[in-house]
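To keep things clear, I will list the structure first and then write my remarks on it.
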Amino acid sequence: MQIHVVKSKIHRVKVTGADLNYIGSVTIDEDLMDAANIVEGEKVQIVNNNNGERLETYVIPGARNSGEITLNGAAARKVAKGDVLIIIAYGIMDMEEARNFKPSLVFPDEETNLLK
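Sequential numbering from 323 applies to the sequence shown in our numbering.
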């Protein structure tokens with residue numbers, strides 16, 4: 323049996339932008355992506371702590387050391403600039419691997435979204 327397990331999490335980042343006219347995705351500062359072991363194009367779940375919205379999209383890299391967290395396309399309607407998000411990526415693995423797996427958890431500065 324294989325199960326879905328938290329692989330990566332960027333905890334409590336603020337939305338810096340919402341671009342309804344972009345094709346889709348979430349733009350994440352590439353430094354945060356690296357720290358969380360998230361790759362370009364990876365599917366992520368976005369949890370909005372301000373309004374309870376949950377959505378899935380894919381990641382595109384933003385400028386390094388920018389703190390950028392921009393929701394693009396239809397997802398832009400689910401957030402407001404300044405909302406606090408949790409970004410989660412999951413892996414699929416067998417039970418034995420899951421028991422020993424350690425996810426990449428990132429806790430950036432809550433004001434700047436930059437790595438501490």
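Every residue, glycine too, gets a C-beta built ideally from N, C-alpha and C.
Length of the line joining the Cα atoms of residue i and residue j
| i | j | result |
| --- | --- | --- |
| D416 | S330 | 17 Å |
| I325 | L377 | 20 Å |
| N343 | E418 | 44 Å |
| G346 | M323 | 33 Å |
| K424 | I360 | 14 Å |
| E432 | R421 | 30 Å |
| K365 | I332 | 14 Å |
Residue from the options with nearest C-alpha to residue i
| i | options | result |
| --- | --- | --- |
| I368 | A398, S388, N343 | A398 |
| N387 | N373, D356, K400, N394 | D356 |
| K438 | V335, V327, V328 | V335 |
| D353 | V327, T379, K365, P383 | P383 |
| T349 | F429, E375, N371, E390 | E390 |
| A385 | G413, G374, N435 | N435 |
| P430 | V381, Y380, A358, G413 | A358 |
| A396 | V328, V366, G413, A340 | A340 |
| V337 | S426, A402, G413, I414 | A402 |
Burial state of residue i (16 or more Cβ within 10 Å)
| i | result |
| --- | --- |
| G363 | exposed |
| G404 | exposed |
| L407 | buried |
| N457 | In the structure displayed, the chain extends from 323 to 438; residue 457 sits before or after that span and is not available. |
| A411 | buried |
| V428 | buried |
| D351 | buried |
| N370 | buried |
| Sequence ranges, beta strand (DSSP E) only - wholly within the region 338 to 407, length at least 3 | Whole beta strand (DSSP E) segments, 3+ residues: 339 to 341, 347 to 351, 365 to 370, 376 to 384, 391 to 394.
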